Amino acid sequence: MSAAEHTRQVSNLHPAWFYGFNLRMDADKAVCGRLPDSQFVELAVEVFGMLADATRVRIVLALKDAGELSVNHLADILDKQPASVSQHLAKLRLARIVSTRQDGQRVFYRLENEHASRLVTDAIFQAEHSLGGTPRHHHTEAALGAEATA
Numbered sequence: 001m002s003a004a005e006h007t008r009q010v011s012n013l014h015p016a017w018f019y020g021f022n023l024r025m026d027a028d029k030a031v032c033g034r035l036p037d038s039q040f041v042e043l044a045v046e047v048f049g050m051l052a053d054a055t056r057v058r059i060v061l062a063l064k065d066a067g068e069l070s071v072n073h074l075a076d077i078l079d080k081q082p083a084s085v086s087q088h089l090a091k092l093r094l095a096r097i098v099s100t101r102q103d104g105q106r107v108f109y110r111l112e113n114e115h116a117s118r119l120v121t122d123a124i125f126q127a128e129h130s131l132g133g134t135p136r137h138h139h140t141e142a143a144l145g146a147e148a149t150a
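The sequence shown begins at 1 in full-length UniProt numbering and counts up by one.
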């Protein structure tokens, strides 16, 4: 299969937010994102860079658990100043990782989609592997497998 055919087949699989994530103005939207020479690789590196901050990872985890939170609530959860949390949220919003909903004077933040949450969860699972032994997430998988066979 040629690269052009592959691109046509998988172009419908890319979420719409990914096409709007335009940190690089020269990113060709017709190029398949799963090929090693894709320009989307550069955008993916920028996504990883955006998530390469402990506060932003904690924000993603908090929003994954709660669904939607205000800046002040996030600041309480993270034990950070609201101004600091707001700056991190602004960066995540520019990267289209989070979106907002306004209710009167209050602004609520939520994850734009499940992809950043999945990246963060997988990164934490990978971090568990660095501790040696059997990671906690494998204990959960083993328990679920035992229940399925019972």
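Every residue, glycine too, gets a C-beta built ideally from N, C-alpha and C. Keep in mind it's a predicted model, so treat the numbers as computed, not measured.
Under the three-state DSSP convention, the category LEU121 falls into: Stepping through the sequence shown from its first residue, residue 121 is reached at position 121. In the sequence as presented, Leu is not what sits at residue 121; that position holds Thr. DSSP places THR121 in the helix class (H, G or I) of the three-state scheme.
Distance, ARG118 Cα to ASP79 Cα: Within the sequence shown, numbered from 1, the residue matching residue 79 stands at position 79. Within the sequence shown, numbered from 1, the residue matching residue 118 stands at position 118. When rounded, the distance between both Cα atoms is 24 angstroms.
Taking the straight line between their C-alpha atoms, what separation do you get for ARG58 and HIS137? Counting from one through the sequence shown, the residue named residue 58 turns up at place 58. Counting from one through the sequence shown, the residue named residue 137 turns up at place 137. Their backbone Cα atoms lie some 18 angstroms apart in a straight line.
Taking the continuous alpha helix (DSSP H) assigned at ARG110, which residues delimit it? Sequence index remark: in the sequence shown, residue 110 carries index 110 (1-based). Premise fails: ARG110 lies in the beta strand (DSSP E), 106-111, not in any alpha helix (DSSP H).
Taking all protein chains shown into account, do 16 or more other C-beta atoms lie within 10 angstroms of the C-beta of HIS88, making it buried, or fewer, making it exposed? As a working note, residue 88 is residue 88 in the sequence shown. Its Cβ being crowded by 16 or more others within 10 Å, HIS88 is buried.
Which whole-angstrom value describes the C-beta separation of VAL107 and VAL85, a residue pair presumed to lie in contact below a C-beta threshold of 8 angstroms? By one-based count along the sequence shown, residue 107 stands at place 107. By one-based count along the sequence shown, residue 85 stands at place 85. At roughly 12 angstroms, the Cβ-Cβ gap does not stay under 8 angstroms, so VAL107 and VAL85 are not in contact.
For THR134, count neighbouring C-beta atoms within 10 Å of its own C-beta (all shown protein chains included) and say buried if the count is 16 or more, exposed if not. Against the sequence shown, residue 134 aligns to sequence position 134. With fewer than 16 Cβ atoms within 10 Å of its Cβ, THR134 is classed as exposed.
Straight-line CA distance for LEU43 to GLN102? Indexing the sequence shown from 1 puts residue 43 at position 43. Indexing the sequence shown from 1 puts residue 102 at position 102. If I take the Cα positions, the gap works out to 29 angstroms.
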